Amino acid sequence: MAAKINSAYPSVDDLRTKAKKRVPKFAFEYLDGGCNEDVSISRNTSDIRKVQLQPRYLRNYGTSSTKTKVLGMEFDAPFGIAPVGLQGLMWPNSPEILAKAAYAHNIPFILSTVTTMSIERASEITEGKAWFQLYNPVEDTLRDDIIKRAEAAQCPVLVLLCDVPTFGYRPRDIRNGLALPPKMSLTNILQILGKPTWAMNTLKYGQPTFETLKPYTPEGLNLRQLGQFMDKTFSGRLNEEKIKPIRDKWKGKLVLKGVASEQDTQDAIRMGFDGIILSNHGGRQLDAAESTIHSLHDIAPKYGDQIEIMMDSGMRSGPDIARTMASGAKFTFMGRSFMYGVGALGNAGGDHTITMLKTQFKQVMDQLCCERVEDLPQHIIKKQ
Ligand SMILES: Cc1cc2nc3c(=O)[nH]c(=O)nc-3n(C[C@H](O)[C@H](O)[C@H](O)COP(=O)(O)O)c2cc1C
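Read in this note's numbering, the sequence shown has 463 at position 350, and its numbers run on one by one without any break.
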C-alpha cells in the first residue's frame, strides 16, 4: 500500500492535483489561494528556489542525520505542521490525522485557535507534545482561560500570531461566499455532490466546528451571528501592553508568528519571546509582502544568536526545506503541503507527506555530503 502511494504521489504537486479532485471547490480554493492577485504566494516559493547549494564530494563523509534541535527540543526532521484554521472543512477529521502523524514521526504539530479540533484532544493524541497557536482574544478573561487550558494540556509552546490585524482580501473566498458551515448555495451543493468521499466523511465526522472555542460560543447562532461573534471575540492587533501579561503568565516557550521585519524581531527579543516564525501567512494577508526567505537572509545573520528564528511560507519540497535551513533558519513549518496530503489521501495523507518530505530532504543532505542539519549553512552559495 505504502509503496503504491509512494510511486503515485512522489511530490507535493502530485498531492495537490489529487486533492483538487477530491475536495469541493469552495474548500479547496480556501486552502490553495493567496490573496488579491496571488503575487506573494508565488514569490515565496520562487525566491526560496533561487537559493543554490554547494556539495562537498571529497570530504570525509559519514551518514547524514535529519534530527534537529529547536527551543530545547529534539525532532526527527527540521520541519513541522503549521497551524491551519478550519481544517475539517478541507478534509473531515484532518487535524486528528495530522496530529497523529506528527506524533508518530516526532515532528511538531501546531494547533490553530480556529481549527476543528480542541486543545485537549490535540494533547491527548500527541501525549502533550502539540504546540498551540493563539489568536489574541479581546477579553483578558477569555485569553487567560485559553492559556490555562493550553497549560493544563501540557502544551510546550505557545505561538502568538501577529500577522492578522485585518482579514486578508481573498477574491476566491469572496466569490464562494465562504463561511462555517459552508453556505448551502446551489453551486456549493453541486460541488459537494461531485466529491462523494469528502461528503461521506463529512457525514461520518459531522459538521466542522471551532472545537477549542465551543465553551465560549453561544449555542444556536446563525451564520451571520457566528461571524459577528468571532469578530467581536478576537482582535488580531497586538502590542507590548497585550503581550506582557501573556509572557508573564505563560511559563513554557513563547513564539511570535508572522514576523516580517527587523523592527518586529528586535521588539520580540526585547519582549522576551523565545523564538519567532518569519512568515507572511503563506501569502494570504499582504500581497505586496516581502518573500519570507528574503526576510530570513536579512534577519538571521543579525539576530540568530539572540532568538530562535524559524520560517514558514512557500516550501513545498525537501530541497526547499534544505535551502531555508541553509539560509539560517533553525526550523521550518509548512501549512498547505500537509493539507494537500490529507485532501489527496485521507487517513494515509499525514504519514505519506511527512515520509516523502523527509526522504527528499535527506537525499539533499546526502548529496551535499552534509552530516548534520546545523551544518547546512556551510553549503550556501552567497551570490544571490
Ligand atoms: C487554509 C489556511 C488557513 C490558515 N489558518 C491559520 C490559522 O488559523 N492560524 C495561523 O497562525 N496561521 C494560519 N495559516 C497560515 C499557516 O500557519 C502558515 O503560515 C502558512 O500556511 C505557510 O505557508 P505555506 O502554506 O506556503 O506552507 C493558514 C494557512 C492556510 C493555507
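Glycine included, each C-beta is placed from N, C-alpha and C at the ideal position. No experiment lies behind these values; they were computed from the predicted model shown.
Can you look up residue i in the DSSP assignment and give me helix, strand or coil?
| i | result |
| --- | --- |
| M343 | helix |
| K327 | helix |
| G395 | coil |
| E209 | helix |
| F451 | helix |
| I493 | strand |
| V486 | helix |
| F280 | coil |
| V136 | coil |
| M186 | strand |
At the level of alpha carbons, what is the spacing between residue i and residue j?
| i | j | result |
| --- | --- | --- |
| H410 | I161 | 11 angstroms |
| L399 | N393 | 7 angstroms |
| G396 | P278 | 15 angstroms |
| Y282 | N149 | 6 angstroms |
| I85 | D145 | Within the shown structure, residues of the chain are numbered from 114 to 497, placing residue 85 beyond reach of any answer. |
| I493 | G198 | 34 angstroms |
| V272 | Q338 | 28 angstroms |
| P309 | V136 | 9 angstroms |
| Q476 | M428 | 16 angstroms |
| G238 | L458 | At residue 238 the sequence reads Ile, which differs from the Gly that was named. Answer to the nearest angstrom: the Cα atoms are 20 angstroms apart. |
| K317 | G454 | 20 angstroms |
| I406 | N157 | 7 angstroms |
| L369 | G448 | 17 angstroms |
| T254 | A263 | 14 angstroms |
| G333 | V227 | 18 angstroms |
| T325 | K131 | 30 angstroms |
| N249 | L481 | 42 angstroms |
| L489 | E233 | 37 angstroms |
My understanding is that residue i touches residue j, with C-beta atoms under 8 angstroms, so please give their C-beta distance in whole angstroms.
| i | j | result |
| --- | --- | --- |
| M384 | I356 | 5 angstroms |
| C268 | G175 | The Cβ separation is near 36 angstroms, so there is no contact. |
Does ligand 1 have a heavy atom nearer than 7 angstroms to the CB of residue i?
| i | result |
| --- | --- |
| N249 | no |
| Q246 | yes |
| G463 | no |
| R156 | no |
| S426 | yes |
| R485 | no |
| M423 | no |
| R256 | no |
| V103 | Because the chain spans 114 through 497 in this model, residue 103 falls outside it and cannot be assessed. |
| V227 | yes |
DSSP beta-bridge partners for residue i?
| i | result |
| --- | --- |
| S225 | Q246 |
| V368 | V272, G388 |
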